[in-house]
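Working notes for the structure below.
Numbering (my numbering), first residue to last: 1425 to 1609.
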């Protein structure tokens, strides 16, 4: 073997990935079958709700007047419902060994999703500007890598910029909380 030749083992060792990033590694997680069954089941329920609502407002054809309000939504709802049932049946036939998402991947999603849910919940009681400042600061802390002065500056500056653009320039009112009311806006 010459100096320029390498063995496959040496290359594999040089470019190895952490187990959570290696798609070939067997890790616990949610199977693709489970994810598809849940998604298809939710779509079946959504199709049923559309049908229920359409027939509730009238999905028939009135002689001399034409279709009632729910006529076309009911037709679309039947198509949606039928295709969702088809997807659900296909999902049950799928093998359960393929992983859709691993536990480390779910943790990455939760790192962003949980603060986002909290942000949405805080908009009504605190107003969009204070909730946005808290959300930005939380994300900066979770993701990391920010200096302390940026952690203070950016969460204050961005909501102030949004306030200036929407409230003062465009005159579009956004949800306000006690702070904005105290300041007279």
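Think of the CB as a built atom: it goes at the ideal place given N, C-alpha and C, for glycine as much as any other residue.
All of these numbers come straight from a predicted model, not from anything done at the bench.
Quick check on this structure: which residue in the options has the alpha carbon closest to the alpha carbon of residue i?
{"i": "residue 1554", "options": "1470, 1522, 1585, 1529", "result": "1585"}
{"i": "residue 1560", "options": "1580, 1509, 1493", "result": "1580"}
{"i": "residue 1656", "options": "1591, 1483, 1569, 1521", "result": "Lying outside 1425 to 1609, the shown extent of the chain, residue 1656 is not represented and no answer is given."}
{"i": "residue 1513", "options": "1549, 1536, 1462", "result": "1462"}
{"i": "residue 1517", "options": "1570, 1460, 1483", "result": "1460"}
{"i": "residue 1544", "options": "1488, 1599, 1450", "result": "1599"}
{"i": "residue 1548", "options": "1602, 1486, 1489, 1568", "result": "1602"}
{"i": "residue 1590", "options": "1609, 1572, 1577", "result": "1609"}
{"i": "residue 1455", "options": "1607, 1488, 1510, 1519", "result": "1519"}
In the DSSP output, what is residue i paired with across the bridge?
{"i": "residue 1486", "result": "1490"}
{"i": "residue 1551", "result": "1600"}
{"i": "residue 1525", "result": "1454"}
Would residue i and residue j qualify as a contact pair, given that the criterion is a beta-carbon distance under 7 angstroms?
{"i": "residue 1467", "j": "residue 1501", "result": "no"}
{"i": "residue 1478", "j": "residue 1491", "result": "no"}
{"i": "residue 1453", "j": "residue 1523", "result": "yes"}
{"i": "residue 1575", "j": "residue 1564", "result": "yes"}
{"i": "residue 1465", "j": "residue 1482", "result": "no"}
{"i": "residue 1556", "j": "residue 1583", "result": "yes"}
{"i": "residue 1526", "j": "residue 1595", "result": "no"}
DSSP on residue i, reduced to helix/strand/coil?
{"i": "residue 1509", "result": "helix"}
{"i": "residue 1596", "result": "coil"}
{"i": "residue 1455", "result": "strand"}
{"i": "residue 1534", "result": "helix"}
{"i": "residue 1582", "result": "helix"}
{"i": "residue 1569", "result": "coil"}
Going along the chain, which residues of its own chain have a beta-carbon closer than 8 angstroms to the beta-carbon of residue i, five neighbours each way excluded?
{"i": "residue 1504", "result": "1467, 1470, 1471, 1474"}
{"i": "residue 1568", "result": "none"}
Who are the Cβ neighbours of residue i in its own chain at under 7 angstroms, not counting the five residues just before and after it?
{"i": "residue 1570", "result": "1564"}
{"i": "residue 1506", "result": "none"}
{"i": "residue 1552", "result": "1598, 1599"}
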